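First residue of the sequence shown: 6, per my numbering; consecutive thereafter. Glycine is no exception: its CB is placed at the ideal position from the N, C-alpha and C atoms. Because the structure is a prediction, the values reported are computed rather than measured.
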Amino acid sequence: MSRRLVVSTMCAAGALVLAVSANTAVVGAAQKAATATSAAAPSRDAGIRAGYHGVKLAGSADYVVGVDAPTPAHHNVQYIDFFPRSGLTVTTNQVVDFNWDTGLSPDSLHSATLLAAGHTAMTDAQANPVIAPDEGGEAPPLYIPAPTFLSTNPPPGSGAPGACGDPATPCAFDGAHDLSSGATGAGSDFFVKITAAPASPTTYVFHCRVHPFMQGSLTVVPSGTATSSAAAIGAAAAAQYTDDTAGILHAIDSANHAAYVTNPDGSHHVTISAGTETQYAEALEMMPQNVRVAPGDSVTWKATEKAEIHTVTFPEGQASASVDPLSPPVCEVGSGPDTAAGPSGCTSGLPFDELPVDPAPHGPATLSGPGVVTSSGILSGIPGSGLPSEHTFTFDGAGVYTYHCKIHDGMTGRIFATPSPGYWNVAGDGGVFAHGMASFAGSMGGTHLNSAVVGISPTPDPGYFLAGADGGVFALGDAAYAGSMGGTRLNQPVVGISSTPSGGGYRLVAKDGGIFAFGDAPFFGSMGGSRLNAPVVGMATTPSGLGYWLVASDGGVFAFGDAPYLGSMGATHLNQPVVGMAASPSGNGYWLVAADGGVFGFGDAAYHGGMGGTHINQAMVGMSSDLGGNGYWLVARDGGIFAFGDAAFAGSDAGGPLNSPMVGMGGV
Ligand SMILES: [Cu+2]
């Protein structure tokens, strides 16, 4: 086992991001919530790339039409949209640049296909389907016809007769023949010169053959008639991008949750999403990307998109090439098996005739450990496709399982199978006490520390981070150190740490609500610089890692990033101060715990009991949800553990002498 120990004073400050956004004095809980929400809003907007306006006029083009648009930060979004989709009025001999921005999702694939008069997206999709049954009962049973993906003319610079598409040799659109760029992705351009010269204004549809309902239109008017202004086209594209992006980020927030059900035998069944969509954009993401289970648990992926297909394929990358539903291009042979398309192409004159598609699942439904090669086959919510919309795998062996979609390679996820239940308690001197299935990965007990340890956050790798009041971070076990505030003067001491679900980063929170973010944990705002009624005492992270909550000792809750605000105790009289919080694994709820053991649940974080009103020997200092979120543990200053719901009691440290009181806990 590797053991990476980082002493705080040796740590250079990493990605320091201090709080600036919230600056209003806050009074009651309602106002706190409102402030937190408005503080969070600008950071979401910051995820939208500034400066994209759909127009980057190249010297030789009169107009630019964006094909798809840059993916928002931290996301893999493909826009099923042209920018603008609203009509463009042009005239004969003008040039339109269809532009695939360099910032598109790496999985984006679209054609810009201009249709002859009288052709519609629907008639073109019927003539050039995305996917069709192979003729003659061949195996595999489906194929993608070449013309759907190929350009109608040879590519520019190829020297072949009719080659076109660059600024020097734009392809001619005469209005009588379809003209297609072929399917392509980020960083491409397709220059089209309008040669159609209708006597009266005539509208032509353009669309994407990969996503047939992604469409826009060109109206060609006789010369001398007014045409669109490039500035107006740019403004329309920018407004459309803002709307599309807000829509897909909202859809991602709705889908980015794991639903846990605990079975009678104690195992869990988890349901997550493979992609989500709006009319104009698709999230090519496994949501949540990182999911924690116990060995023996099963996970169901739901693919509900009506315009996209996906697979869930283990492991990620080339190692699962044998179960890829897409195989290399072939030439169609009238009788007998199709043959591989060679460099000289097919007798049809095309470079290839079709791409075979095998939609079936291959490999076991139960994975004995990471490295097992298996695939769901093609999943889709496309109505009438006959394709299943969900698939379930069971994870028997402990370990980290990587997977992805074989259609969209960048659509990745991980399943962390960690024995459960168990928990770690941490004391102020850095001592760590592991119970149940939680494995001990080292501690700072017995080491001289510059300041007291204030919290622990487990990672899936397995291991955990400890945070010191001075902002020092200690990475133990396989937890990967990503920076700290040790050695930097802080306005207020750090009071907690919460790692991302991947284990690739963490955030520290200070007493004044300041947030310090490291590794793969983006900063989405903080309460640093705001006047707080009560000090911040704890934090929790959402399942996506793209949001977090802070809690103050008066029970006020502040939500940032994709963390929903679901209520607080800020306006309620409490017998004892709040000392900690835990998020429900769905991301749709959280619990607060007070020093007297009172527990307050919000959202889907159900109340399973607490110690409020009961005599306890020592004050509570923290809490943790169990794996399924149908139970939780509380830990007291003397190491006493109180288990509720289906969280199993796995031992405590009460009764034994502690060198230093407990300050927090983490569980699985
Ligand atoms: Cu996919």
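Legend entry - Limits of the unbroken alpha helix (DSSP H) element including Q131: Taking the first residue of the sequence shown as 1, we reach residue 131 at position 126. Counting along the chain, the alpha helix (DSSP H) containing Q131 begins and ends at A126 to A132.
Inset, instruction - Let me know if P138 comes out buried or exposed under the rule of 16 or more other beta-carbons within 10 Å of its beta-carbon. - result: Along the sequence shown, read from residue 1 onward, the residue named residue 138 stands at position 133. Exposed, since its Cβ has fewer than 16 Cβ neighbours within 10 Å.
Legend entry - Proximity of L471 and M490 at Cβ, strictly below 9 Å: For the purposes of this step, residue 471 is taken as the residue at position 466 of the sequence shown. For the purposes of this step, residue 490 is taken as the residue at position 485 of the sequence shown. No.
Inset, instruction - Please name the residue, chosen from T577, H413 and F319, that lies closest to E313 on a Cα-to-Cα basis. - result: In the sequence shown, counting from the first residue as 1, residue 313 sits at position 308. E313 has its Cα closest to that of H413, out of T577, H413 and F319.
Legend entry - Cβ-Cβ distance between G415 and D658 below 9 Å: Locating residue 415 in the sequence shown gives position 410, counting from the first residue. Locating residue 658 in the sequence shown gives position 653, counting from the first residue. In this structure, D658 does not lie closer than 9 Å to G415 by Cβ.
Legend entry - Integer-rounded CB distance, given that G608 should sit under 8 Å from P4: Because the chain in this structure spans residues 6 to 673, residue 4 falls outside the shown range and cannot be described.
Legend entry - I257 beta carbon less than 9 Å from that of Y285: Residue numbering aside, residue 285 sits at position 280 when the sequence shown is read from its first letter. Residue numbering aside, residue 257 sits at position 252 when the sequence shown is read from its first letter. Not in contact: Y285 and I257 (Cβ atoms no closer than 9 Å).
Inset, instruction - Keeping to the same chain, check which residues put their C-beta closer than 6 Å to that of F445; ignore five residues upstream and five downstream. - result: Position 440 of the sequence shown, counted from the first residue, corresponds to residue 445. Contacts found: A439.
Legend entry - Same chain, Cβ closer than 6 Å to S381, neighbours up to 5 away in sequence not counted: Taking the first residue of the sequence shown as position 1, residue 381 is located at position 376. So the qualifying residues of the chain are T316, V317, P366 and H396.
Inset, instruction - Figure out for me which residue from G180, Y408 and T344 has the closest Cα to the Cα of A324. - result: Walking along the sequence shown from the start, residue 324 turns up at place 319. With distances taken between Cα atoms, A324 lies closest to Y408.
Legend entry - Inter-stretch contact (C-beta, 8 Å, three-pair minimum) for the stretch 123–130 and the stretch 100–114: no
Legend entry - Pair within 9 Å by beta-carbon distance, A653 and G441: Mapped onto the sequence shown, residue 653 falls at position 648. Mapped onto the sequence shown, residue 441 falls at position 436. Against a cut-off of 9 Å, the Cβ pair of G441 and A653 comes out as a contact.
Legend entry - Rounded separation between D343 and A487 - CA only: Taking the first residue of the sequence shown as position 1, residue 343 is located at position 338. Taking the first residue of the sequence shown as position 1, residue 487 is located at position 482. Straight-line Cα distance between these residues: approximately 52 Å.
Legend entry - F523 and G510 closer than 9 Å at C-beta: Position 518 of the sequence shown, counting from 1, holds the residue named residue 523. Position 505 of the sequence shown, counting from 1, holds the residue named residue 510. Yes. Within cutoff.
Legend entry - DSSP state of A39 mapped onto helix, strand, coil: Reading the sequence shown from its first residue, position 34 is the one you call residue 39. Since pLDDT at A39 reaches only 27, below the 50 mark, its modelled position is unreliable, and no value is offered.
Inset, instruction - Could you tell me the boundaries of the alpha helix (DSSP H) in which T200 lies? - result: Position 195 of the sequence shown holds residue 200. T200 -> no alpha helix (DSSP H), and no H or E assigned at all.
Inset, instruction - Check whether the Cβ atoms of M292 and H262 lie closer than 9 Å to each other. - result: Within the sequence shown, numbered from 1, the residue matching residue 292 stands at position 287. Within the sequence shown, numbered from 1, the residue matching residue 262 stands at position 257. Closer than 9 Å, so yes.
Inset, instruction - Hey, could you find the ends of the beta strand (DSSP E) A564 is sitting in? - result: Here residue 564 corresponds to residue number 559 of the sequence shown, with the count starting at 1. Counting along the chain, the unbroken beta strand (DSSP E) around A564 starts and ends at V562 to G566.
Legend entry - Lining residues of ligand 1 - beta-carbon closer than 5 Å to any non-hydrogen atom, in sequence order: H315, C410, I412, H413 and M416
Inset, instruction - With a 10 Å radius around its C-beta and 16 neighbouring C-beta atoms as the bar for buried, classify T96 as buried or exposed. - result: Residue mapping note: residue 96 aligns to position 91 of the sequence shown, counting from 1. Burial call: buried.
Inset, instruction - Could you tell me the distance, in whole angstroms, from the CA atom of G660 to the CA atom of G644? - result: By 1-based counting over the sequence shown, the position of residue 660 is 655. By 1-based counting over the sequence shown, the position of residue 644 is 639. Each residue's Cα considered, the two are about 8 Å apart.
Legend entry - Nearest neighbour of D495, chosen from D401, A474, F479 and P506 [CA to CA]: Position 490 of the sequence shown, counting from 1, holds the residue named residue 495. It should be pointed out that residue 495 corresponds to Leu in this sequence rather than to Asp. Ranking D401, A474, F479 and P506 by Cα distance to L495 puts A474 first.
Legend entry - Any non-hydrogen atom of ligand 2 closer than 8 Å to I257 Cβ: Ligand 2 is absent from the structure shown, which contains only ligand 1.
Inset, instruction - Note down, in chain order, each residue of its chain lying with its Cβ closer than 6 Å to the Cβ of G572, except the 5 sequence neighbours on either side. - result: By one-based count along the sequence shown, residue 572 stands at place 567. Correct list, in chain order: F607.
Inset, instruction - Take the Cβ of Q99 as the centre, count every other Cβ of all protein chains shown within 10 Å, and call the residue buried at 16 or more, exposed below. - result: Start at 1 with the first residue of the sequence shown, and residue 99 comes out as number 94. Of the residues assessed, Q99 falls on the buried side of the cut-off, its CB having 16 or more other CB atoms within 10 angstroms.
Inset, instruction - Return yes when the Cβ of G585 is within less than 9 Å of the Cβ of M616, no when it is not. - result: Position 611 of the sequence shown, counted from the start, is the residue given in the question as residue 616. Position 580 of the sequence shown, counted from the start, is the residue given in the question as residue 585. Judged by their CB atoms, M616 and G585 are not nearer to each other than the 9 Å cut-off.
Legend entry - Boundaries of the alpha helix (DSSP H) in which L254 is found, first to last residue: Numbered from 1 along the sequence shown, position 249 holds the residue referred to as residue 254. Counting along the chain, the alpha helix (DSSP H) containing L254 begins and ends at A235 to A260.
Legend entry - Buried or exposed by the 16-neighbour rule on C-beta atoms within 10 Å, applied to D270: Translated into the one-based positions of the sequence shown, residue 270 becomes position 265. D270 should be labelled exposed.
Inset, instruction - Could you check if Q83 is buried or exposed, using at least 16 other CB atoms within 10 Å of its CB as the buried criterion? - result: If you number the sequence shown from 1, residue 83 lands on position 78. Label assigned to Q83: buried.
Inset, instruction - Classify T224 as helix, strand or coil using the three-state DSSP reduction. - result: Against the sequence shown, residue 224 aligns to sequence position 219. Looking at T224 - three-state DSSP - the assignment turns out to be strand.
Legend entry - Through-space distance from W306 to T379, alpha-carbon basis: For the purposes of this step, residue 379 is identified with residue 374 of the sequence shown, where counting begins at 1. For the purposes of this step, residue 306 is identified with residue 301 of the sequence shown, where counting begins at 1. When rounded, the distance between both Cα atoms is 14 Å.
Legend entry - Proximity test, Cβ basis, 9 Å: D559 and chain D: Any reference to chain D falls outside this structure, which holds one protein chain only.
Inset, instruction - Decide if S629 is buried, meaning its Cβ has at least 16 other Cβ atoms within 10 Å, or exposed. - result: Residue 629 sits at position 624 when you count from the first residue of the sequence shown. Classification of S629: buried, given that the 10 Å Cβ count is 16 or more.
Legend entry - Beta-carbon contacts of D150 that lie in its chain and below 7 Å, excluding the five residues immediately before and after: Sequence index remark: in the sequence shown, residue 150 carries index 145 (1-based). The sequence shown places Pro at residue 150, not Asp. Around P150: N133, P134, A137 and E359.
Inset, instruction - With DSSP as the reference, label V328 as helix, strand or coil. - result: The residue you call residue 328 lines up with position 323 of the sequence shown. V328: helix per DSSP, three-state reduction.
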